[in-house]
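Here the structure is laid out as structure tokens; the discussion comes afterwards.
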Amino acid sequence: MDFDTKIAVLLRDDLLPWQRLNVTAFLVSGIAAALPELIGGPYADADGTPYLPMFRQPVLVLEGSKETMTAAHGRILGRDLPRAVFTADLFATGNDDDNRAAVRAVPRDRLDIVGLAVHGPRNVVDRVLKGARMHP
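Note that my numbering numbers the sequence shown so that position 34 is 40, with each residue one more than the last.
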């Protein structure tokens with residue numbers, strides 16, 4: 007099925023495997039929280055065991071260099087797209103308050119971004135993530 011919109015995560019290519027998974031999980035939670043219309047209905051198995059709802063559409067995971075990340079960040083901001091950010095500083099924090107304080111402490115052009123999530127029209131998301139490649 008083709009979707010008019012795209013959910014994409016861009017990870018910096020120098021992250022460790024556990025960091026990639028952790029950053030992806032955090033970033034998509036931001037998209038889900040801000041855009042509840044992207045969430046489908048709850049699941050249940052044949053025995054009636056309930057499971058939580060998930061996104062209605064796939065989430066593409068891409069990777070790129072620090073330079074690709076910086077360029078994508080600028081293009082995302084220029085298009086005012088719904089976005090989530092994860093900076094390297096967040097690996098050293100232990101709670102939500104400290105996470106937000108760590109991002110707030112750094113000017114936008116000096117953020118050490120290791121992950122971005124974005125949602126928008128397919129062609130726009132493709133353009134803002136230009137230079138990124140599919141995560142292996």
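Backbone N, C-alpha and C fix where the C-beta goes; we use that ideal spot for every residue, glycine too.
Checklist entry - Is there contact between the region 51-68 and the region 100-109, where contact requires at least three CB pairs shorter than 8 Å? => result With the cut-off at 8 Å, the region 51-68 and the region 100-109 do not touch.
Item to check | For M60, the three-state DSSP class (helix, strand or coil) | outcome: For M60, the secondary structure class from DSSP, reduced to helix, strand or coil, is coil.
Next on the checklist: So for K136, helix, strand or coil by DSSP?
Outcome noted: Note: K136 maps to coil in three-state DSSP.
Checklist entry - Looking at the structure shown, is P23 part of a helix, part of a strand, or coil, going by DSSP? => result P23 carries a helical assignment under DSSP once its states are collapsed to helix, strand and coil.
Checklist entry - Thinking just about the alpha-carbon of each residue, which of P23, V67 and V91 is nearest to the one in T76? => result Looking at P23, V67 and V91, the one whose alpha-carbon comes closest to that of T76 is V91.
Item to check | Neighbourhood of G121 by C-beta, 6 Å cutoff - its chain only, sequence neighbours within 5 removed | outcome: Non-local C-beta neighbours of G121 in its own chain, meaning closer than 6 Å and more than five positions away in sequence, comprise L17, V29, L33 and F92, ordered along the chain.
Next on the checklist: Quick check on the burial criterion: 16 or more other C-beta atoms within 10 angstroms. Buried or exposed for A40?
Outcome noted: Counting Cβ neighbours within 10 Å, A40 comes out exposed, since fewer than 16 surround it.
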